[in-house]
Amino acid sequence: MYHLVIIVICVLYLFFANTIALLFYNGSKVEKVNFDSLKSNSKAYVSVESSEHLGGMFEEEYFHGWAFCETKVDNTNKQINIIFKNNKTNKCYRVKSNAQFRPDVYGVFRKTTGIYNGMNGINCKFSTIGMEKGSYKVYIQVIENDTNYSVYDTGNELII
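Residue numbers (this note's numbering): 9 to 168.
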């Protein structure tokens, strides 16, 4: 009987190993989303400056860049998220990120666009363990506020 319990525990561990490992992960979390529910009503300005596979136990990816929509409304709770849409199955995942301070971006665009402030950076590390293997189109979702938001196709692809 003792051996049967050990075997069952080992099988359950193997089945749920990724989920258990993610409990100890301290990077940004990946969540499933419905791509059709992501709305746009504003033009987005976006640059993915670097995208890097870090690998490791958590199969980490790193994204760095900036994004904004023109707005005249307070954007204190601004979010810049990364969206991954599977090219074959249409499964879609979102990595949420809070905007980072990028005075360089604000300095370049403040006179020619309706950029609100310097909170336009994205600097995000996340694990792909919970994502289905495959090829994904990469989008950036900019949520300035309840008034201005956009989903932007970066033209980049992530292969897991």
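All residues carry an ideal CB built from backbone N, CA and C; glycine is no exception.
- Message: Taking 8 Å as the limit between beta carbons, can you name the residues of its chain near M127, skipping five residues before and five after?
- Response: Closer than 8 Å at Cβ, skipping near neighbours: N83, K86, A107, Q108, F109 and R110.
- Could you spell out where the beta strand (DSSP E) holding Y147 opens and where it closes? Element bounds for Y147: S143 to I151.
- Item | Own chain partners of I88 with C-beta closer than 6 Å, once the 5 adjacent residues on each side are dropped | Excluding residues within five positions, the ones whose Cβ falls inside 6 Å are A75, S105, A107, I130 and V150.
- Chain-order list of residues whose beta-carbon lies under 8 Å from that of F43 (same chain, five-residue window excluded): Result list for F43: I91, K93, N98 and C100, in chain order.
- Task: Buried or exposed for N49, please, with buried defined as at least 16 other CB atoms from any protein chain shown within 10 angstroms of its CB.
- Result: Per the 10 Å Cβ criterion, exposed.
- Item | When V159, V56, N95 and I15 are compared against S141, the one with the closest alpha-carbon | The residue asked about is misnamed: residue 141 is Lys in this sequence, not Ser. Of the candidates V159, V56, N95 and I15, the one whose C-alpha sits nearest the C-alpha of K141 is N95.
- Task: Count the other CB atoms, across all protein chains shown, that sit within 10 Å of the CB of V103; report buried if there are 16 or more and exposed otherwise.
- Result: By the neighbour-count criterion, in which a residue is buried when 16 or more other Cβ atoms sit within 10 angstroms of its Cβ, V103 is buried.
- Indicate the three-state DSSP secondary structure (helix, strand or coil) for I167 in the structure shown. DSSP places I167 in strand when its eight states are reduced to three.
- Message: For N156 and H72, I'd like the C-alpha separation in whole angstroms.
- Response: Here the C-alpha atom of N156 lies approximately 22 Å from the C-alpha atom of H72.
- Message: Please report the distance separating the alpha-carbon of G63 from that of V41.
- Response: Cα to Cα, G63 sits roughly 24 Å from V41.
- Item | Buried or exposed by the 16-neighbour rule on C-beta atoms within 10 Å, applied to I167 | Sixteen is the threshold: since fewer than 16 other Cβ atoms of the shown chains lie within 10 Å of the Cβ of I167, the residue is exposed.
- First through last residue of the alpha helix (DSSP H) which encompasses Y114: Element bounds for Y114: P111 to F117.
- Message: Please list the terminal residues of the continuous beta strand (DSSP E) segment that includes G73.
- Response: E68 to C77 is the extent of the beta strand (DSSP E) around G73.
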